[in-house]
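To start, the structure under review is shown below, and the notes come after it.
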Amino acid sequence: MKILITGGAGFIFSRFAKLCVEKGDEVVIIDSLTYAGDTARLGFFMQNINFYKEDVTNGEAIKGILKAEKPDVIVHAAAESHVDRSIIDAGPFIDSNTKGTQVMLDAARHAGVELFVNIATDEVYGELGESGQFYETTPINPNSPYSVSKAAADMLGNAYFRTYGLPVITLRPSNNYGPFQYPEKLIPVVFLKAYQNSPIPVYGTGMNVREWLYVDDAARAVYSIIKHGRPGESYNIGSGEERDNLTVVKSILDIMGKPHSLIEFVKDRQGHDFRYSLNCDKFKNETAWQIEYDFQKGIKATIDWYMDNIDWTFKKIEYLKKYWETAYAK
Ligand code: TDX
Numbered sequence: 216m217k218i219l220i221t222g223g224a225g226f227i228f229s230r231f232a233k234l235c236v237e238k239g240d241e242v243v244i245i246d247s248l249t250y251a252g253d254t255a256r257l258g259f260f261m262q263n264i265n266f267y268k269e270d271v272t273n274g275e276a277i278k279g280i281l282k283a284e285k286p287d288v289i290v291h292a293a294a295e296s297h298v299d300r301s302i303i304d305a306g307p308f309i310d311s312n313t314k315g316t317q318v319m320l321d322a323a324r325h326a327g328v329e330l331f332v333n334i335a336t337d338e339v340y341g342e343l344g345e346s347g348q349f350y351e352t353t354p355i356n357p358n359s360p361y362s363v364s365k366a367a368a369d370m371l372g373n374a375y376f377r378t379y380g381l382p383v384i385t386l387r388p389s390n391n392y393g394p395f396q397y398p399e400k401l402i403p404v405v406f407l408k409a410y411q412n413s414p415i416p417v418y419g420t421g422m423n424v425r426e427w428l429y430v431d432d433a434a435r436a437v438y439s440i441i442k443h444g445r446p447g448e449s450y451n452i453g454s455g456e457e458r459d460n461l462t463v464v465k466s467i468l469d470i471m472g473k474p475h476s477l478i479e480f481v482k483d484r485q486g487h488d489f490r491y492s493l494n495c496d497k498f499k500n501e502t503a504w505q506i507e508y509d510f511q512k513g514i515k516a517t518i519d520w521y522m523d524n525i526d527w528t529f530k531k532i533e534y535l536k537k538y539w540e541t542a543y544a545k
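Counting from 216, one number per residue, gives the positions in the sequence shown under our numbering.
Okay, here's the thing in structure tokens:
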């Protein structure tokens with residue numbers, strides 16, 4: 216199979232690209248290499264990958280790549296992904312996530328692919344209270360500029376299936392974590408701050424809940440949907456491993472042998488969604504997928520990886536400094 220992946224130099228889809236190479240598939244990546252993209256994530260797998268440094272909003276270039284490569288499957292994952300940045304400036308999110316998806320869908324329609332996997336997020340559903348779950352049938356009701364840009368992209372995929380018959384499958388994964396995550400997201404932020412014995416910024420009360428999915432499990436889930444998923448359908452992918460943020464932070468500090476007194480409660484994220492929780496029965500019933508990493512195993516593997524790869528993480532600090540001044544303004 217020839218699989219074209221957009222955003223393949225990112226945290227999650229570099230892992231997926233490596234899995235595809237391991238499975239013997241031909242892999243093509245389109246990635247514009249923004250601040251969050253990094254081909255170091257692909258390592259020596261780069262030699263097995265046709266890599267195009269290109270922006271998914273560039274319609275002519277995308278059409279040209281699809282014409283030259285003729286992929287069987289497109290996995291469209293390229294996106295601006297950090298909620299806090301979307302609160303500072305929504306512009307790049309609408310461009311990359313919404314416009315970029317429309318460009319990819321149109322290019323795929325004209326190229327005639329067998330399958331288009333549209334990567335969405337659990338955040339398209341909005342937020343939950345203490346109880347309940349999101350089902351694939353739950354109405355979309357996003358709250359942040361980020362999740363709105365992703366919800367529009369999600370619904371565009373459905374529209375292209377219904378209107379043009381493009382074979383689109385939509386995936387809505389929960390929070391991913393693991394090696395190579397860019398250190399602006401909660402888990403690597405906590406690692407980096409704790410490593411430096413700096414205060415760890417926890418928004419609000421730290422009681423917001425996320426469902427944590429280890430990146431290798433996510434990559435295997437995407438692969439299994441290519442094999443077993445049904446076009447026109449959406450699938451939730453989660454681990455069932457729900458934790459409030461404070462519990463996550465304390466787990467990391469305990470693994471690192473750092474004191475809980477490093478925790479600093481800071482101003483809450485504006486419009487902060489309280490809780491996400493996915494019902495994944497549909498996905499599990501239609502594929503043989505199960506998680507291999509519960510949170511305890513996954514967080515240990517993650518922190519071990521960051522300890523062993525401290526150089527990669529520290530290289531990101533210069534760029535992050537300026538952003539952190541805005542993100543954590545008192
Ligand atoms: O410094 C922090 N302090 C803090 O308390 C950061 C960065 C986050 N948080 C909180 C906010 C959230 O409740 O931790 C939780 C997780 O935050 P993020 O890592 O920013 O992830 P989240 O906002 O939940 O969104 C993630 O999951 C869904 C991804 O970034 C999205 O791209 C994905 O779609």
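Just so you know, even glycine gets a beta-carbon here, dropped at the ideal spot from N, CA and C.
Note that this is a predicted model, so its numbers are computed, not measured.
By DSSP, does Pro416 sit in helix, in strand, or in coil?
strand
For Leu428 versus Ile452, is the C-beta spacing smaller than 8 Å?
yes
Verify whether the separation of the beta carbon atoms of Leu343 and Arg490 is less than 8 Å.
yes
For a test of the three-state rule: what should DSSP assign to Tyr379, helix, strand or coil?
helix
So is Gly239 buried or exposed if we call it buried at 16+ other beta carbons inside 10 Å?
exposed
Using DSSP with H/G/I as helix, E/B as strand and the rest coil, what is Pro388?
strand
Can you give me the start and stop residues for the alpha helix (DSSP H) that Trp520 sits inside?
Phe510 to Asp523
Any heavy atom of the ligand TDX closer than 7 Å to the CB of Val242?
no
Give every residue of the same chain whose Cβ lies closer than 6 Å to the Cβ of Gly447, excluding the five residues on either side of it in the sequence, and list them in chain order.
Phe376
Can you grab the Cα-Cα spacing for the pair Gly472 / Ala433, in whole Å?
29 Å
When we look at the beta-carbon of Pro158 and count the other beta-carbons within 10 Å, is it buried (16 or more) or exposed?
Residue 158 falls outside the range modelled here, since the chain spans only 216 to 545, and no answer is possible.
Quick check on Phe529: buried or exposed, where buried means 16 or more other Cβ atoms within 10 Å of its Cβ?
exposed
So, for Asn333: in the same chain, excluding its five sequence neighbours on each side, which residues have a beta-carbon less than 6 Å away from its beta-carbon?
His291, Gly372, Val383 and Thr385
CB His487 to CB Lys400, shorter than 8 Å?
no
In this structure, does DSSP put His443 in helix, strand or coil?
helix
Nearer than 7 Å: is that true of the beta carbon of Leu493 relative to any heavy atom of the ligand TDX?
no
Count the CB pairs spanning the stretch 345-358 and the stretch 323-333 that are closer than 8 Å, and state whether there are at least three.
no
In whole angstroms, what separates the C-alpha of Gln317 from that of Ala368?
7 Å
From Pro394 to Phe406, what distance separates their C-alpha atoms?
12 Å
Could you tell me which of Ile441, Tyr521 and Cys235 sits nearest to Gln396, measuring between CA atoms?
Tyr521
Should Gly413 be labelled buried (16 or more other beta-carbon atoms within 10 Å of its own) or exposed?
Per the sequence presented here, residue 413 reads as Ser, with Gly not at that position. Looking at its Cβ environment, which holds fewer than 16 other Cβ atoms inside 10 Å, Ser413 is exposed.
Pair within 8 Å by beta-carbon distance, Ser301 and Tyr361:
yes
Could you give the residue range of the alpha helix (DSSP H) that holds Thr462?
Asn460 to Met471
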